[in-house]
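A.B. asks: The working numbering numbers the first residue of the sequence shown as 148 and each following residue consecutively. For every residue, glycine included, the Cβ atom is placed at its ideal position computed from N, Cα and C. Below is one structure. I have some questions about it.
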Amino acid sequence: MRTLESLLDEGASVPVEGWDFSWFAGPPTRATEERPPWGYARRLAGRYAAARAALDVQTGGGEVVRAALTGAAEVPAVLAVTESWPPNAALARAALAPWRAEVAEVPDDAPLPFPDGRFDLVSSRHPVSVNWPELARVLAPGGTYFAQHVGVGTAADLTDFMMGPQPVGDGRSPARAVADAERVGLRVVDLREATLRMEFFDVAAVAVYLRKVIWIVPGFTVEGYRDKLAELHERIRDHGPFVAHTTRYLIECSRPDVPL
């Protein structure tokens with residue numbers, strides 16, 4: 148087994164821009180995460196084929212949108228995405244350049260810089276926050292919001308190990324999302340949930356994951372959590388991969404074909 152110091156050095160140095168998680172697959176395998184059964188990117192590709200104007204919110208580096216567009220029989224005539232972090236926005240511009248996508252750099256909780264009713268499809272994969280009034284505003288009558296959200300308690304096993312037991316609220320619950328969607332006049336037409344297994348095979352993988360997915364342990368740095376990472380290193384050495392769990396839900400909403 149590699150030394151703690153070499154793993155921590157690696158965990159602190161791996162680039163974390165974008166939503167490309169291929170580094171974890173190795174070789175060697177560093178971490179695994181079970182995928183939801185519904186195939187979000189494949190389903191999004193089918194919706195792109197039927198859309199005239201599409202917006203992806205909090206797109207990361209555009210990786211999921213690019214995969215969906217590549218698999219789509221046809222693509223929307225108008226394509227836009229938003230992203231709050233400049234390094235990710237730069238990746239999205241490069242990834243989506245073949246489709247001439249507009250990339251708008253806006254904070255995750257800011258108003259969307261588009262006119263009312265501009266898009267017949269709005270999508271998002273793992274948004275940090277969901278601005279339901281803005282989503283409803285930019286949707287055209289008869290339009291669709293199609294997304295995969297992170298659910299309650301995602302990676303709580305890892306959060307609690309690193310930070311001690313933490314309270315779990317309902318802010319990311321499907322029930323809360325349904326209520327918020329209906330409050331702005333959207334109608335939920337599909338809702339599916341899944342609990343999925345994650346395994347981390349070394350502390351470098353844990354460090355890269357926590358640097359990349361910043362809300363799991365807010366303020367995480369390798370140096371700041373060195374003692375807990377050392378403890379986790381020993382646990383993995385003695386007992387095998389660290390197991391955590393994620394929750395995901397697929398949600399599809401339609402805007403009524405009448406003014407909200």
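Going by DSSP in three states, residue 274 sits in which element: helix, strand or coil?
C.D. replies: Looking at residue 274 - three-state DSSP - the assignment turns out to be coil, as it is neither helix nor strand.
A.B. asks: Count the other C-beta atoms from every protein chain shown that fall within 10 angstroms of the C-beta of residue 301, then say buried if there are 16 or more, exposed otherwise.
C.D. replies: Under this definition residue 301 is a buried residue.
A.B. asks: Would you check if the distance between the CB atom of residue 229 and the CB atom of residue 211 is smaller than 8 Å?
C.D. replies: Cβ distance not < 8 Å, so residue 229 and residue 211 don't count as in contact.
A.B. asks: Quick one, which of 220, 396, 191 has its alpha-carbon nearest residue 291's?
C.D. replies: For the residues 220, 396, 191, the minimum Cα distance to residue 291 belongs to 191.
A.B. asks: Tell me which residues share the same chain as residue 227 and place their Cβ nearer than 6 Å to its Cβ, disregarding the 5 neighbours each side in the sequence.
C.D. replies: Answer for residue 227: 202, 249, listed in chain order.
A.B. asks: Using a Cβ-Cβ cut-off of 7 Å (strictly less than) and excluding sequence neighbours within five positions of residue 208, which residues of its own chain qualify?
C.D. replies: Here the set comprises 164, 165, 166, 167, 235, 238, 239, 242.
A.B. asks: Counting only the same chain and skipping the five closest in sequence on each side, list residues whose C-beta sits under 8 Å from that of residue 287.
C.D. replies: The residues are 200, 264, 265, 266, 267, 402.
A.B. asks: Sorted by chain position, which residues of the same chain lie with C-beta nearer than 8 Å to residue 375's C-beta, five sequence neighbours on each side aside?
C.D. replies: Counting only Cβ-Cβ distances below 8 Å, and skipping sequence neighbours, we find 308, 309.
A.B. asks: With a threshold of 6 Å on Cβ separation, who are the neighbours of residue 157 within its own chain once the five nearest residues in sequence on each side are excluded?
C.D. replies: 351, listed in sequence order.
A.B. asks: Where do the N-terminal and C-terminal ends of the beta strand (DSSP E) with residue 337 fall, by residue?
C.D. replies: Where residue 337 is concerned, the enclosing beta strand (DSSP E) stretches over 334-347.
A.B. asks: Measuring CB atoms only, is the stretch 328-343 touching the stretch 388-404, in the sense that at least three cross pairs come out at less than 8 Å?
C.D. replies: Result yes; three or more Cβ-Cβ pairs closer than 8 Å.
A.B. asks: Among residues of its own chain, excluding the 5 on either side of residue 214, which ones have a beta-carbon nearer than 6 Å to its beta-carbon?
C.D. replies: Closer than 6 Å at the Cβ level, and outside the excluded window around residue 214, lie 188.
A.B. asks: Within this structure, are the beta carbons of residue 299 and residue 276 separated by less than 8 Å?
C.D. replies: In this structure, residue 276 does not lie closer than 8 Å to residue 299 by Cβ.
A.B. asks: With a Cβ-Cβ cutoff of 8 Å, do residue 159 and residue 348 count as a contact?
C.D. replies: Result no, Cβ atoms of residue 159 and residue 348 do not sit closer than 8 Å.
A.B. asks: What does the alpha-carbon distance come out to for the pair residue 372 and residue 280?
C.D. replies: When rounded, the distance between both Cα atoms is 38 Å.
A.B. asks: Give me whichever residues DSSP pairs with residue 398 in a beta bridge.
C.D. replies: BP columns for residue 398 point to 294, 338.
A.B. asks: Would you say residue 271 and residue 222 are within 8 Å of each other, going by their C-beta atoms?
C.D. replies: The answer is no: Cβ separation not under 8 Å.
A.B. asks: Between the C-alpha atoms of residue 363 and residue 149, what's the straight-line distance to the nearest angstrom?
C.D. replies: Near 25 Å, if we compare the C-alpha coordinates of residue 149 and residue 363.
A.B. asks: What number of angstroms, rounded off, separates the C-alpha of residue 367 from the C-alpha of residue 154?
C.D. replies: Taking the straight line joining both Cα atoms gives about 16 Å.
A.B. asks: The alpha helix (DSSP H) spanning residue 322 covers which residue range?
C.D. replies: 321-330 is the extent of the alpha helix (DSSP H) around residue 322.
A.B. asks: Quick one: what does DSSP say residue 393 is sitting in, helix, strand or coil?
C.D. replies: Residue 393: strand per DSSP, three-state reduction.
A.B. asks: Thinking just about the alpha-carbon of each residue, which of 332, 384, 225 is nearest to the one in residue 198?
C.D. replies: The option with the nearest alpha carbon to residue 198 is 225.
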